[in-house]
Amino acid sequence: MNRSYAVEIVYRGIFQKTLAKHISRGLVLAASKEGKTGISFGRYGDSPERNGIPAKNFAIVAPDEETLEESMAQYEPKHVDVTISVDDTLCKGVESWAWYGLQPINRLLNPGGHLIVTSMLGFDDLLKMIHVKDAPYNLATLRAIPSFSGLWVYKDDHTDVRLLGTIARLVPEMVSLKAIEQAILDEWNDELKMLSARKAYERVEVTEVPSGVGVTDTPYEFVLPGWKEMREGVTIRSIEMGGTFTDPESGKTGGYRPATNPYFKKFSTRTMRPVVDFDTCVKCTLCWLQCPDSCFDVTPDGLYDARMESCCGCGVCEAVCPVDKCITMVNESEFTDNASQWEMWKADKTGYKTWLTEKIQHRPDRSHGFRFRGQYAEQIQVMSAVGMTKSGNEKVGGEDTTEASAGGD
Amino acid sequence: MAQVREPEVALADTEALISGSEAIAVACKLADVDVITAYPIRPYDTVMQYVAKLVSNGEMDCEYIVAESEHSQFEIVKHASAVGARVFVGSSGVGWMYAFEALTVTPGLRIPMVAMVGNRALDDPGAFGVEHNDALAVRDLGWMLVWVDTAQEALDTALLAWRIAEDRRIFLPCAIGCDGAFLTHSQSMVKIPIPEKVKEFLPRYDRGDLRLHPDNPITIAPQANEDWVMEIRKQNDAASRRAPGVITEAYADFERIFGRKYGNPFFEEYETDDADVVLLGMGTMSMPVKVAIRKMRKEGKKVGFVRLRWFRPFPTEALQATLGRFKAVGVIDRDYSFGSPYFSGVVANEVRTAMYSAEKRPPVVGFICGLGGREVTVPAVREMTEMTFRAASGERLTDTYWIGLRE
């Protein structure tokens, strides 16, 4: 290895903060086993203590201190060899607390670099979320439910070590599997975790993505003004009031659509979104009232349409809705646009019902804590099937996990 | 609220025997200040007492709030100023320091707060006497800082401070340094202008598009990251750079309307025309220094005095031009800056920095004198003058010399 390597780990604030740290630390520790050097750090401007906000960790591995210094003389790497997305919905793009505008998940990736996504989805589905890039790169998946391994609760589902094994397979010149295994043993003193890493190494799924393949939407941008253009006194103008809008079907004007901040969308924070059954809505106003982001439009016919540019996917509307299955949170990876559900419903009510019925099958099985009793047990079984080696640390559904095979299935 | 009496309309300037603190309170009345907050600490508390008296006597109509601490005291006027109120506030010593968080946010938010700092030694030891370290603590933050010498100058400078701070080109807070005891607690004859003149001199405070009001919905002070902070700081820098021009304009207008001349707004020169060496200092030390100079002049020693008024903005170019005329400069600091270059006081280091790029660079000798309210005596001024003459003769006096200290 005669140059430095940069790896970024894109994760969700709070829910995956510790996971991201384990991966970047693990890489540097492994590199040091081979006489290399490195540094592991979080992007300081991020706000990883906010629920679900996209944030980044970085690991730089270098052959010697001088090469490392050259790579470190900047706030964050401008180019990376590996991007790891530990939540597949982040493939839609990243708008962290630290900047304005949406960054494609593969933006920093060098031509020929590796984008690794932890997901249960296939390449085709992932590429419906990932923006195009003007150079070919490799897309690899680690089969896994996006891990909830965060600041307060660390679910030790081996996602951390499995990703380390994956990196050793894809970029062996940066770090070898042997070094990864040694680092895992030294850091966690856990042979099962080491075996999970080895199993991931053996099972990496990777495909080359030619340039131009992916989502062609232009990610929204924000031009930072110069100091002479900025308002003085650390003041910003408030968002204007909203107003009425027109029912595309009846032509009737009415309702209320709150105005939104054009520079502060933050919908990349979302891992799930509400879908609304307008036929069963009783117009009780609770979703509109309780939404912390004022994302509901009051339509001219008195219904409530969640606006996807403002929705951060918190699920409060589903929780307060008094009607069964009137508002259901659905995994964000099931959607490819931010279109109005109400307009869809107005245009074709039967078609909407079919769409809705299909969508609400996709209960989110991810990150905002556990949504039903027994979800953890279910996830552990799924994760075991896709390649995690059971750690034996958890009692899952009465099953004796200590008998789980180590690397055998 | 006290009943407001019909103001007695003065037809001509009047004269009154009042202290520096009373003079500031009278300026508050003349400027028709809207919101004043107070919290007691000596020597500033004399101002709040006089203001309270004016309010309760019905001579002045303002919101007068005694806060539960200095921090709240400065926060309240910050917010009042943000909605468009003319404000006055003040403190001393560690009270000023207790408000420090509120002091740091005020320039960034471009709040034209006018504050009186009754200069007082910082604790510990608890002491009432004057040192300038309290007000000087904000010297890097965007506050304008001006030191005054007499009660008359205190009144006039307060009026000037609102005029300058509330100028849309500036919108920065301004603190008026008033030496504890020597100025705050001693009374002298002060000319009080008629309100019409003040009205002409001091336009209504118009916060314009920065005013926090339902008709002008804005967010003030959002959290910002590294993409924004440098530009925000640069805006403050630009306002500080505009300040000297606005100060010069304001003093010219002051002279036109009130008929009182201050000459160069930034510093006063005393007996400098033919001087070989000068002393330089701020505040009420000018009295013993001037007395000593008159005595030494009779003995044929050509010594003068430069009394610095505006410390922020620092009059770099004007000082370069003036101090370049002399063979040596002795700077008397009524403050300290422990561990700083030459272990000098703050003013000496600022003067040295200002002179570094000057064409003519006389040696600068640093003195520390009169700390904690100790008298700056005539013999002490003589001693400092003698040393400055030695520097003028080529002796290298690069240490900082504590004068009037018991060995």
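Residue numbers (the working numbering), protein chains in the order written: chain R, 1 to 409; chain L, 1001 to 1407.
Just so you know, even glycine gets a beta-carbon here, dropped at the ideal spot from N, CA and C.
Exercise. Taking Cβ positions, are Leu1095/L and Ile1018/L nearer each other than 7 Å?
Worked result: What sits at residue 1095/L in the sequence shown is Gly, not Leu. In this structure, Ile1018/L does not lie closer than 7 Å to Gly1095/L by Cβ.
Problem set entry | chain R contacts from the region 1100-1113 of chain L (Cβ-Cβ distance under 7 Å) | Gly1108, Leu1109 and Arg1110
Problem set entry | CB of Ile167/R within 7 Å of CB of Ile130/R, strictly | no
Problem set entry | Every unbroken beta strand (DSSP E) inside the region 200-287 of chain R [3 residues or more] | 205-209, 235-237, 243-246, 253-257 and 272-276
Exercise. Hey, is the region 1074-1091 of chain L in contact with the region 1137-1144 of chain L, meaning 3+ C-beta pairs nearer than 8 Å?
Worked result: no
For this session: Could you list which residues in chain R have their beta carbon closer than 8 Å to that of Lys1302/L, in chain order?
Result: None at all; the shortest Cβ gap to chain R is about 48 Å.
Exercise. Is the distance from the Cβ of Ala179/R to the Cβ of Lys33/R below 7 Å?
Worked result: yes
For this session: Going by CA-CA distance only, name the one from Arg1086/L, Ala1154/L and Leu1030/L that's closest to Gly1283/L.
Result: Ala1154/L
Problem set entry | Contact set between the region 1146-1174 of chain L and chain R, restricted to residues whose Cβ is under 8 Å from the partner | Phe1171
Exercise. Cβ of Lys1327/L within 7 Å of Cβ of Val1289/L?
Worked result: no
Problem set entry | Extent of the continuous alpha helix (DSSP H) to which Thr1104/L belongs | Phe1100 to Gly1108
Exercise. What does a CB cutoff of less than 6 Å around Glu1271/L pick up in its chain, not counting 5 residues either side in sequence?
Worked result: Ile1293 and Gly1304
Problem set entry | Chain-ordered residues of the region 324-357 of chain R with a beta carbon less than 7 Å from chain L | none
For this session: Using 6 Å as the cut-off, classify the Cβ of Phe1171/L as near or not near the heavy atoms of the ligand FMN, replying yes or no.
Result: The ligand FMN is absent from the structure shown, which contains no ligand whatsoever.
Problem set entry | Three-state secondary structure (DSSP) of Arg1312/L | strand
Exercise. Taking the alpha-carbon positions, what's the Ile1232/L to Leu224/R distance?
Worked result: 13 Å
Exercise. Helix, strand or coil: which one does DSSP assign to Asp1045/L?
Worked result: helix
Problem set entry | N-terminal and C-terminal residue of the beta strand (DSSP E) that Tyr36/R is part of | At residue 36/R the sequence reads Lys, which differs from the Tyr that was named. Per DSSP, Lys36/R belongs to no beta strand (DSSP E) and is neither H nor E.
For this session: Please confirm if Gly242/R has its CB atom under 7 Å from at least one CB of chain L.
Result: no
Exercise. Between the beta-carbon of Gly150/R and the beta-carbon of Ile14/R, is there less than 7 Å?
Worked result: yes
Exercise. Under a three-way DSSP split, which group does Lys1234/L fall into?
Worked result: helix
Exercise. Given that Ala1234/L touches chain R, what residues does it touch there, using C-beta distances under 7 Å?
Worked result: For clarity, residue 1234/L is Lys in the given sequence; the question names Ala instead. Within chain R, the residues near Lys1234/L are Trp227.
Problem set entry | Residue span of the beta strand (DSSP E) that contains Tyr1401/L, given as start and end | Thr1400 to Ile1403
Exercise. Cβ of Glu1226/L less than 7 Å from any chain R Cβ?
Worked result: yes
For this session: Could you tell me the boundaries of the alpha helix (DSSP H) in which Trp342/R lies?
Result: Gln341 to Ala347
Exercise. Between Val1364/L and Arg1352/L, is the Cβ-Cβ spacing less than 7 Å?
Worked result: yes
Exercise. If you run the structure through DSSP and keep just helix, strand and coil, what is Thr1385/L?
Worked result: helix
For this session: Under the assumption that Ile1332/L contacts Gly1281/L (Cβ atoms under 8 Å), give the Cβ distance between them as a whole number of angstroms.
Result: 4 Å
Problem set entry | Other residues of its chain near Thr1104/L: CB distance less than 6 Å, five sequence neighbours each side excluded | Leu1141
Problem set entry | Completely contained beta strand (DSSP E) runs for the region 116-143 of chain R, where each covers 3 or more residues | 137-143
Problem set entry | Where the alpha helix (DSSP H) through Ser1340/L begins and ends | Where Ser1340/L is concerned, there is no enclosing alpha helix (DSSP H), given that its DSSP letter is neither H nor E.
Exercise. Met1189/L: which of Asn1119/L, Thr1014/L and Pro1125/L sits nearest, CA to CA?
Worked result: Thr1014/L
Problem set entry | Cut-off 7 Å between Cβ atoms - residues of its own chain near Arg1390/L, not counting five sequence neighbours on either side | Leu1397
Exercise. Closer than 7 Å, CB to CB, is Glu232/R near chain L or not?
Worked result: yes
For this session: Taking C-beta pairs closer than 8 Å, name the residues in chain R that Ile1220/L reaches, listed in chain order.
Result: Gly233, Val234 and Thr235
Exercise. Who does Asn2/R pair with in a DSSP beta bridge?
Worked result: According to DSSP, which records beta bridges pairwise, Asn2/R is partnered with nothing at all.
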